[in-house]
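Remember, the numbering used here sits 2 above the position in the sequence shown when you count from 1. By construction, the Cβ of each residue, glycine as well, lies at the ideal position given by its N, Cα and C atoms. Let me begin by presenting the structure, written as structure tokens, before commenting on it.
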Amino acid sequence: MLSRDIYEIFTSFQGEGSLVGRRQIFVRFSGCPLNCFYCDTVDARIKNHSLPDTNPEKVISEIKALVTPDLHSVSFTGGEPLVSPNLLKKLASSCKKLDLACYLETAGIDASIFTEVVDFFDYAAIDLKLPNHRAVLGINAWKKLYHEELECIRIANRSGLHTIVKIVIVDDTTHHMLASICRDIAEYEIDLVLQPLTGSRKPSIELLFGLSEVAGSYLGKKVMVIPQVHRLYRDGTEKEFR
């Protein structure tokens, strides 16, 4: 952990979503209010308040040192970047001044904050949570989160961002559950990525075929099924492809 707000900075390849394989510089923020049972960045969920404040100039210096000829964009990920809006704006604004494309990975937890930062980004990858992800406690809390996520998708579309909506698929994801969400997002110009979970809760290939067809009935060719590619590299060198 580098500072109170930044967990790590590194260069690698995007390991999930429709831009998988693109070279990026990852700026991972600390802190996330959600509690998804499948979280693979647990260490970054809690801010360490004993650490010093983040120096934006130092972060930008580290980003500049990691620029390579094949760089696609700078990915601001987490944790959850929206919990540190002022720092996020400063860093993304500085990257834009350096003519670096900016990519925001977020769970869309707060549409008002998303509105504040959206103009600094070229790409938004919004991780839409299902009730069975257990990101929040209770159906009412989920409905509130879902409302914020939908609003973030709408704002990203209105602002002209390349918008990627990712939904993690687990073994008990139902056709009805996915259909109700696809109805709500069908009007938007997005890439819809169904991301099958790996491990003991992974969905069957039959379920994936069925869910892809359900989503396709609303979004057509915008639908794709892409697992986390960086999990192919769980040999201690995963940052080479993350």
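Check, Outcome
"Just verifying my parser: in three-state terms, what is the DSSP assignment at K168?", "strand"
"Could you compute how far the alpha carbon of G19 sits from the alpha carbon of V231?", "9 Å"
"So who's on the other strand from T13, going by DSSP bridges?", "I27"
"Report the rounded CA-to-CA distance for Y40 versus L199, giving the unit in angstroms.", "8 Å"
"Go ahead and pull the three-state DSSP assignment for T117.", "helix"
"Which residues mark the beginning and the end of the alpha helix (DSSP H) in which L213 is found?", "207-221"
"In terms of residues, what are the limits of the alpha helix (DSSP H) holding E151?", "141-160"
"Please give the ranges of any alpha helix (DSSP H) in the region 77-136, keeping only runs that are unbroken, at least 4 residues long and fully inside the region.", "87-99, 113-119"
"What residue range is occupied by the uninterrupted beta strand (DSSP E) comprising L163?", "Careful: L163 lies outside any beta strand (DSSP E) and carries neither H nor E."
"Take S63 as the anchor and find which of I27, R47, T79, Y148 has the nearest alpha-carbon.", "I27"
"Spatial neighbours of P192 within its chain, please: CB distance less than 8 Å, with the 5 preceding and 5 following residues excluded, ordered by chain position.", "Residue identity check: residue 192 is Ile in the sequence provided, not Pro. So the list reads I155, N159, T165, I166, V167, L221, K224, once near-sequence residues are dropped."
"For R136, I'd like the list of residues in its chain whose CB is within less than 8 Å of its CB, leaving aside the five on either flank, ordered along the chain.", "N37, C38, F39"
"Cutting at 7 Å between CB atoms, please list the residues of its own chain near P229, excluding the five before and the five after it.", "Q197, P198, T200"
"To the nearest angstrom, how far is the alpha carbon of G110 from that of K146?", "11 Å"
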